[in-house]
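All you need for the working numbering is the position in the sequence shown, starting with 1, plus 4. For each residue, glycine too, the CB sits at the ideal point set by N, CA and C. Notes for the one structure printed next.
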Amino acid sequence: RGAVVVEDVSLVPNESIIFFSAHGSALHEYDTAQSKNLRIIDGTCGLVTKVHKAMIHHEAKGRDIIYIGNKKHVEAKGAVGQLPNKEIPIVYTVDDAQALDVSNLKDPIFVTQTTLSVDDTKDVIEVLKSKGVKKPSSDTICYATTNRQEAVKKLNDHGCDIVLIIGSLES
Numbered sequence: 005r006g007a008v009v010v011e012d013v014s015l016v017p018n019e020s021i022i023f024f025s026a027h028g029s030a031l032h033e034y035d036t037a038q039s040k041n042l043r044i045i046d047g048t049c050g051l052v053t054k055v056h057k058a059m060i061h062h063e064a065k066g067r068d069i070i071y072i073g074n075k076k077h078v079e080a081k082g083a084v085g086q087l088p089n090k091e092i093p094i095v096y097t098v099d100d101a102q103a104l105d106v107s108n109l110k111d112p113i114f115v116t117q118t119t120l121s122v123d124d125t126k127d128v129i130e131v132l133k134s135k136g137v138k139k140p141s142s143d144t145i146c147y148a149t150t151n152r153q154e155a156v157k158k159l160n161d162h163g164c165d166i167v168l169i170i171g172s173l174e175s
């Protein structure tokens with residue numbers, strides 16, 4: 005129907021329609037869309053929006069945010085783009101978490117990319133907690149993602165020989 009995927013809002017012709025993906029977008033992308041008089045359809049997942057709101061809320065309370073996620077993933081770019089004037093460290097691995105110096109961070113908390121695995125983030129979270137980083141009041145990994153990951157694990161119990169996962173390599 006003529007939809008075109010673009011990586012940069014500035015490539016969208018003025019006065020067109022733009023659909024922001026479920027993974028969320030940085031604030032500057034919305035500003036660019038408005039300056040081009042684009043009709044905005046915001047497809048941001050409600051759980052991603054929940055992460056964005058948590059980040060904004062905790063930053064307003066004077067807390068520093070640590071983002072657990074893949075810095076190359078569009079969701080991470082959109083999340084850290086919610087606080088464009090803040091340096092938000094992004095950690096993805098246990099090594100990243102161990103190397104992170106939190107001594108200059110004020111009352112730090114972490115949030116996670118919604119599409120990550122609970123299993124993959126568990127050890128990263130433990131390292132951050134051992135450094136005094138707090139968990140926000142609610143989980144930020146998507147329950148639908150977690151349910152799908154649990155279902156894939158259960159396939160092994162049913163004698164499944166192969167599982168094909170269709171989707172983005174970043175997710």
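Just to confirm my understanding: we take A101, look at its own chain, exclude 5 residues before and 5 after, and list those with CB closer than 6 Å. What are they?
V95, V128, V131, L132
Using 8 Å as the threshold, is the stretch 78 to 91 in touch with the stretch 38 to 46, meaning 3 or more CB pairs across them?
no
Is the Cβ of G28 closer than 8 Å to any Cβ of chain C?
Going by chain labels, chain C is absent from the structure shown, which holds only one protein chain.
Could you check if L51 is buried or exposed, using at least 16 other CB atoms within 10 Å of its CB as the buried criterion?
Counting of Cβ neighbours within 10 angstroms places L51 among the buried residues, the total reaching 16 or more.
With H, G and I counted as helix, E and B as strand and the rest as coil, what does DSSP make of V115?
strand
Using a threshold of 8 Å, state whether the C-beta atoms of V115 and T144 are closer than that.
yes
What number of angstroms, rounded off, separates the C-alpha of D165 from the C-alpha of K75?
33 Å
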